[in-house]
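What follows is a set of notes on a single structure, which appears directly below.
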Amino acid sequence: MEGLPGALADLRVLDLAGEPGAYCGKLLADLGADVIKVEPPGGDPARRIGPFFHDDVHPEKSLYFFAFNTSKRSITLDIARADGRALLRRLVERADVLLETFPPGYMEDLGLGYETLRQLNPRLIYCSITGFGLWGPHAHYRTSDLIALAMSGVMYLAGFPEDPPNRPYGNQAYYCGSIQACSGILTALAYRDRTGQGQMVEVSLQEALAMNQETAMQYWDLRRELRRRQGEGRRLPDGQWFRVPGIGTYQCADGYVFLMVGVPGFGAPLATLIQWMAEEGEAEGLTSPKWVETFSKLDLRLVTQLLQGADASMAVDWLPRFRHVDAIIERFVRSRPKQLLYQEGQRRGLLVAPVNTPKDVVEDPQLNARGFFQDVPHEELGILLRYPGSPYRLYGSPARIWRRPPRIGEHNREVYIGELGLTTEQLAALSAAGVV
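Numbering that gives the first Met the number 0 numbers the first residue of the sequence shown as 0 and each following residue consecutively.
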């Protein structure tokens, strides 16, 4: 597959996006598109976000920037300047896609909105990513990843019931918005193949994330019931913590594992775990007829009622038994390393997995066997940096990292002189004037 071109090898993208859309540009670039990152003179502000290579705070050494800008080229351009806008229009004439994340109305105020640019290039696909969309009562409100998570309802559902709403790790709003933008762009390309016409693609981070609530909105719409942050159990009215044994995160000898063996219909039942414990002499009486009868009553409906039901009395009745069983499971798990629990548990059909640290992920035998990671040479740093690979695998037109992230304006001469036909003197004058 190494010599095969990417699926989007004939596509040109002008990437004016900030953080909310950087991953979208990366997805397109790693699929083979010629993605030209249009940065302000001095570089994208994301270049100043850490961590940095060897802790050297420098715009050319931001690992955060590296992560989202593989396979792209870079030019510098100040589109707030008249000469900068003129150059962007020339670039648009030969582009397939323009991606931007400016506030609503900003590009229109510069004379660079979709309705203007489509006159230059009717085949142009113009993608805008904003916090709340281009219109509506909140369209001009300021936003961030955290605000989008809060306004989408996702944050309300994240975490444990006794805690305030939690923010999931990482910029999940930006990831989600970028993925939806990429999806919209590819759909618009398919439409253009049929009709010859480009179109506007608009992504609201709030809308992109609101889809991730699963059935929470339907619960309210149909039952007037608010879904709760569930975590791994529930807090009973008397303050006691309740969880079904075998479901949740357990500390082991060298970290944590996640078990889901108390839910019938999902892998081997709790009895299988108890049998394993008995073989090791650590079941502590859980194989007795009394407990076998207890476990036989745990069907999916009962477990759901115990964890989510409005009537807490049922959970109170089960609490002493569950606490006894859970304590025995905790002792069994705590004395064993996570890889042993994972391998032996999987052999027995149990849903169990290690809670991997970043180090564990990099060393994961499954990911490495499949060649998920890609070592990319950074000649100026004198090192190969390891990157996560593509989130999908295409066998006829592979997605991969084609080049390291670009340096600031690295391809100015290549684009402005080699492709737009500017002279060396013209480019030097534009640079001296701060346009590029």
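For each residue, glycine too, the CB sits at the ideal point set by N, CA and C.
Residue burial classification, residue i (beta-carbon count within 10 angstroms, cutoff 16)
i              : result
alanine 368    : exposed
glutamate 18   : buried
aspartate 95   : buried
arginine 403   : buried
aspartate 108  : exposed
leucine 225    : exposed
tryptophan 401 : buried
lysine 25      : buried
glycine 253    : Looking at the sequence shown, residue 253 is not glycine but aspartate. Looking at its Cβ environment, which holds fewer than 16 other Cβ atoms inside 10 Å, aspartate 253 is exposed.
valine 153     : buried
arginine 399   : buried
threonine 100  : buried
leucine 383    : exposed
threonine 423  : exposed
glycine 135    : exposed
glycine 176    : buried
Distance CB(residue i)-CB(residue j) smaller than 7 Å
i             : j              : result
glutamate 59  : arginine 406   : yes
glycine 41    : proline 4      : no
valine 261    : isoleucine 246 : With the sequence shown as reference, residue 261 is identified as glycine, and valine is not the correct amino acid for it. The answer is yes: Cβ separation under 7 Å.
tyrosine 140  : tyrosine 125   : no
glycine 20    : leucine 87     : no
leucine 76    : valine 37      : yes
tyrosine 255  : valine 354     : yes
serine 151    : alanine 81     : no
leucine 123   : proline 103    : no
alanine 147   : leucine 221    : no
glutamine 373 : tyrosine 391   : no
valine 243    : valine 302     : yes
Cβ-Cβ separation, residue j to residue i (assumed contact under 8 Å), whole Å
i             : j                 : result
isoleucine 35 : aspartate 14      : 6 Å
glycine 158   : glycine 230       : 7 Å
glutamine 212 : leucine 145       : That belief does not hold up - the Cβ atoms of glutamine 212 and leucine 145 are roughly 17 Å apart, past 8 Å.
leucine 269   : phenylalanine 294 : 6 Å
proline 160   : arginine 234      : 5 Å
alanine 28    : serine 73         : About 11 Å separates the two Cβ atoms, so there is no contact after all.
valine 91     : leucine 62        : So it is not a contact: roughly 32 Å between Cβ atoms.
threonine 286 : alanine 277       : 5 Å
Where the alpha helix (DSSP H) containing residue i begins and where it ends
i                 : result
glutamine 345     : 337-346
histidine 323     : 312-333
methionine 210    : Premise fails: methionine 210 is in no alpha helix (DSSP H) and is neither H nor E.
glutamate 424     : 423-431
glutamine 217     : 215-222
arginine 412      : From DSSP, arginine 412 is part of no alpha helix (DSSP H); its letter is neither H nor E.
aspartate 144     : 144-151
glycine 83        : 81-92
phenylalanine 294 : 288-295
Start-to-end residues for the beta strand (DSSP E) that takes in residue i
i            : result
proline 353  : 351-353
glutamate 38 : 33-38
leucine 188  : Careful: leucine 188 lies outside any beta strand (DSSP E), inside the alpha helix (DSSP H) at 171-194.
valine 256   : 254-259
tyrosine 125 : 124-129
proline 376  : 373-377
Check whether the region 314-328 touches the region 336-344, counting contact only when three or more Cβ pairs, one atom from each stretch, lie closer than 8 Å. no
Examine the Cβ distances between the region 194-209 and the region 173-182 and report whether three or more of them are shorter than 8 Å. yes
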